[in-house]
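Single-structure report; data block below.
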Amino acid sequence: MTATGPAPLRFANEPVIREILSLFRERGQSQYGGEAVSQQEHALQAAFFAEQSGADAATVAAALLHDIGHLLHDLPDDAPEQGVDDRHENLAADWLATRFGPDVVEPVRLHVTAKRYLCATDADYLRQLSPPSVLSLRLQGGPMTDAEAREFEKHPFHQVAVAVRRFDDAAKVPDLPTPSLEHFAVSVDRAITKSREETATCQR
Numbered sequence: 039m040t041a042t043g044p045a046p047l048r049f050a051n052e053p054v055i056r057e058i059l060s061l062f063r064e065r066g067q068s069q070y071g072g073e074a075v076s077q078q079e080h081a082l083q084a085a086f087f088a089e090q091s092g093a094d095a096a097t098v099a100a101a102l103l104h105d106i107g108h109l110l111h112d113l114p115d116d117a118p119e120q121g122v123d124d125r126h127e128n129l130a131a132d133w134l135a136t137r138f139g140p141d142v143v144e145p146v147r148l149h150v151t152a153k154r155y156l157c158a159t160d161a162d163y164l165r166q167l168s169p170p171s172v173l174s175l176r177l178q179g180g181p182m183t184d185a186e187a188r189e190f191e192k193h194p195f196h197q198v199a200v201a202v203r204r205f206d207d208a209a210k211v212p213d214l215p216t217p218s219l220e221h222f223a224v225s226v227d228r229a230i231t232k233s234r235e236e237t238a239t240c241q242r
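In structure tokens, the structure reads:
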């Protein structure tokens, strides 16, 4: 009798899932800025920390995909060192907006803004940033003013964006064991399905 492995996962939103998996497999081994992890390792760690926190599927998906903009542009890995802000958060959000609802898109769009917010409102946060993150902060506008922070707090997804930002900041651990891309693809699939169901309900 021939032993067989586990059946391959089936996804309700197979084309989008395969598109995302292909992006990571083709480009995810590039370095994550000046950190000691790859883009894929960084994404998996952020999703892992989100899942460990008990976050819902949309937040886990946002954590996994928050930096997918880095996989969509052709700028060098050291663009910040060259004084270039790649605006990856906007590139990512625009790409995700044709595939996901705002509960994934907006935390991704806001995760850089959330960094500026935390620098302005959390006395310990700035001291804990890695050197590459401090460098990119300068290009991204630096800490918010009080007025900017109050405006940010009005956004309906600002708390999720802050959570994703913290998962992002923690996800820089060399050789940290995490589940696979396929594991987190289950949450991504659920997030897409929920968004499509909500859209269909609104259109009735």
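For the sequence shown, my numbering begins at 39 and goes up steadily by one. Where a beta carbon is used, it is the ideal one built from N, C-alpha and C, also for glycine. Note that this is a predicted model, so its numbers are computed, not measured.
In the DSSP annotation of this structure, the continuous segment of the alpha helix (DSSP H) that includes Val143 starts and ends at 140–159. In the three-state reduction of the DSSP assignment, Gln178 falls in the coil class. Counting C-beta atoms within 10 angstroms of its own C-beta, Lys210 has 16 or more neighbours from the protein chains shown and is therefore classed as buried.
In the DSSP annotation of this structure, the continuous segment of the alpha helix (DSSP H) that includes Val54 starts and ends at 52–65.
Counting every other CB atom within 10 Å of its CB across the protein chains shown gives Arg147 a total of 16 or more, marking it as buried. The stretch 75–85 and the stretch 159–168 do not touch, with fewer than 3 CB-CB distances between them shorter than 8 Å. Remark: C-beta atoms of Ala84 and Pro212 do not approach each other more closely than 8 Å. A direct Cα-Cα distance of roughly 13 Å separates Phe49 from Ile58. Pairwise C-beta distances place the stretch 128–143 in contact with the stretch 102–112, as three or more of them are shorter than 8 Å. With a 10 Å radius around the Cβ and a threshold of 16 neighbouring Cβ atoms, Pro145 comes out buried. Put simply, of Val143, Gln178, Gly139 the residue whose alpha carbon is nearest the alpha carbon of Cys157 is Gln178. Taken in chain order, the complete beta strand (DSSP E) segments of 3 or more residues contained in the stretch 199–237 number zero; there are none. A distance below 6 Å between beta-carbons, with the five flanking residues on each side excluded, links Gly72 to the following residues of its chain, in chain order: Pro170.
Sequence-distant partners of Ala88 (beyond 5 residues in either direction) whose C-beta falls short of 6 Å from its own C-beta, in its chain, are Thr97, Val98, Ala101, Phe205.
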